[in-house]
Amino acid sequence: LVSTSRCHLLVLCSGLLNGVARMRITLALLYITGAVLVECGYITPGNGMPWGTWDSTVRFCPPNSYASAFTIKVEDHIDGDDTAMNGIQLYCRSTRNDREVGVRSSAVGNWGVWQGKRECNKGFFKAIRMRIENAQGRGDDTAANDLEMQCQNGETYNGGGTGWGSWSDWRYCPSGEVICGLQTRVEAAQGDGDDTALNDAIFACCRPS
Numbered sequence: 007l008v009s010t011s012r013c014h015l016l017v018l019c020s021g022l023l024n025g026v027a028r029m030r031i032t033l034a035l036l037y038i039t040g041a042v043l044v045e046c047g048y049i050t051p052g053n054g055m056p057w058g059t060w061d062s063t064v065r066f067c068p069p070n071s072y073a074s075a076f077t078i079k080v081e082d083h084i085d086g087d088d089t090a091m092n093g094i095q096l097y098c099r100s101t102r103n104d105r106e107v108g109v110r111s112s113a114v115g116n117w118g119v120w121q122g123k124r125e126c127n128k129g130f131f132k133a134i135r136m137r138i139e140n141a142q143g144r145g146d147d148t149a150a151n152d153l154e155m156q157c158q159n160g161e162t163y164n165g166g167g168t169g170w171g172s173w174s175d176w177r178y179c180p181s182g183e184v185i186c187g188l189q190t191r192v193e194a195a196q197g198d199g200d201d202t203a204l205n206d207a208i209f210a211c212c213r214p215s
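In my numbering, the protein residues as written are 7 to 215.
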C-alpha cells in the first residue's frame, strides 16, 4: 500500500458521490509495484439544498495531513436578500511533524466574512453536522447557515453561523477515519433573483497514516 497516494486517489471517486449521504467505494489500482487498494469514505449532512453547482472535484489535504481546524464564511443578517453561510475552509495538520501544512476550501460564495479558526486541541475532525434552511417558497431562501465539527476526542466546535433552518443529524466518518477534504455546492449570484450561496457539502474521510 502506498500510503502517501491514498488521499489523492480518492478524487477518482468524487464524481460518483454528489448528493449521497454516505458511501464507500473500493478501487483496485494496479501500480508498477503491484496492486494498491484504496478506500473512499464520504459523509454529507443529508439535508442539503439543490441550488447551484458542485465544485469540479474534492479538495484534499496534502499527503499525510488531515483536518484539525476549520472556519466558515458567513453573511450576517441584512435587511434584504440573506445568503447566510457562503463557504468552508479546512486547515490541514501533518501526522509527520504535527504542523499545519495546508488550507483547503472548495467553491465559495461572494458574501460574508470568515468567522475565525475553530481547532481541535488534539487529533483531527471525525464528524460534521450542518444547519440548513429548507425552501421558503416566496420567502427568502438561505440554504446552508452553520456548521459544527467534532474532534476525535469528542470536542465539538460551532462555526459561528446564522440561525435559520434545522440541524442535520451528526454524520461520522467510517471507523478509524478522519476528515481529509471537502467539496461544496454553491449557487452563483442571481442578479435580481434570490441568492443562497452555499447549499451543500461533501466531506472526504481518510485513515491517518
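Glycine included, every Cβ here is placed at the ideal spot set by N, Cα and C. None of the values given here were measured: they were computed from a predicted structure.
Please classify residue i as buried or exposed, where buried requires at least 16 other C-beta atoms within 10 Å of its C-beta.
{"i": "Gly-143", "result": "exposed"}
{"i": "Asp-198", "result": "exposed"}
{"i": "Ser-74", "result": "buried"}
{"i": "Leu-35", "result": "Low local confidence applies: a pLDDT of 33 at Leu-35 is under 50, so the model's placement there is unreliable, and no value is given."}
Distance check for residue j and residue i, CA to CA, integer angstroms please.
{"i": "Gln-121", "j": "Lys-79", "result": "6 Å"}
{"i": "Gly-129", "j": "Thr-59", "result": "32 Å"}
{"i": "Pro-69", "j": "Ser-111", "result": "16 Å"}
{"i": "Met-172", "j": "Gly-166", "result": "According to the sequence displayed, residue 172 carries Ser and not Met. Distance between the alpha carbons of Ser-172 and Gly-166: 15 Å."}
{"i": "Arg-105", "j": "Arg-99", "result": "5 Å"}
{"i": "Val-114", "j": "Ala-203", "result": "8 Å"}
{"i": "Asp-76", "j": "Ile-94", "result": "The question names Asp, yet the displayed sequence has Phe at residue 76. So the two alpha carbons sit approximately 7 Å from each other."}
{"i": "Glu-125", "j": "His-83", "result": "26 Å"}
{"i": "Met-136", "j": "Arg-102", "result": "31 Å"}
{"i": "Pro-180", "j": "Gly-169", "result": "29 Å"}
{"i": "Asp-85", "j": "Thr-162", "result": "31 Å"}
{"i": "Asn-53", "j": "Ser-174", "result": "6 Å"}
{"i": "Ala-195", "j": "Gln-189", "result": "19 Å"}
{"i": "Asn-92", "j": "Thr-63", "result": "18 Å"}
{"i": "Asn-159", "j": "Val-119", "result": "29 Å"}
{"i": "Tyr-178", "j": "Asn-127", "result": "19 Å"}
{"i": "Met-55", "j": "Ser-215", "result": "34 Å"}
With a cut-off of 8 Å on the beta carbons, I'd call residue i and residue j a contact; round off their distance for me.
{"i": "Phe-66", "j": "Cys-186", "result": "6 Å"}
{"i": "Gly-47", "j": "Ser-71", "result": "About 16 Å; that fails the 8 Å criterion."}
Less than 8 Å between the beta carbons of residue i and residue j, yes or no?
{"i": "Asp-152", "j": "Asn-164", "result": "yes"}
{"i": "Ile-138", "j": "Phe-209", "result": "no"}
{"i": "Trp-117", "j": "Glu-154", "result": "no"}
{"i": "Tyr-97", "j": "Lys-123", "result": "yes"}
Residues in its own chain within less than 7 Å of residue i by CB, not counting five upstream and five downstream?
{"i": "Trp-57", "result": "Ala-149, Glu-193, Thr-202 and Asn-205"}
{"i": "Glu-183", "result": "Gly-47, Cys-211, Cys-212 and Arg-213"}
{"i": "Asp-88", "result": "Glu-81, Asp-146 and Thr-148"}
Less than 6 Å between C-beta atoms, sequence neighbours within five positions excluded: which residues of the same chain meet that for residue i?
{"i": "Gly-176", "result": "Note that residue 176 is Trp in the sequence shown, not Gly. These residues qualify, in order along the chain: Ala-133 and Arg-135."}
Leaving out five residues before and five after residue i in sequence, what residues of the same chain have Cβ atoms less than 8 Å from its Cβ?
{"i": "Asp-61", "result": "Ser-112, Ala-113, Gln-189, Thr-190, Arg-191 and Val-192"}
{"i": "Asp-200", "result": "Asp-87, Asp-146 and Asp-147"}
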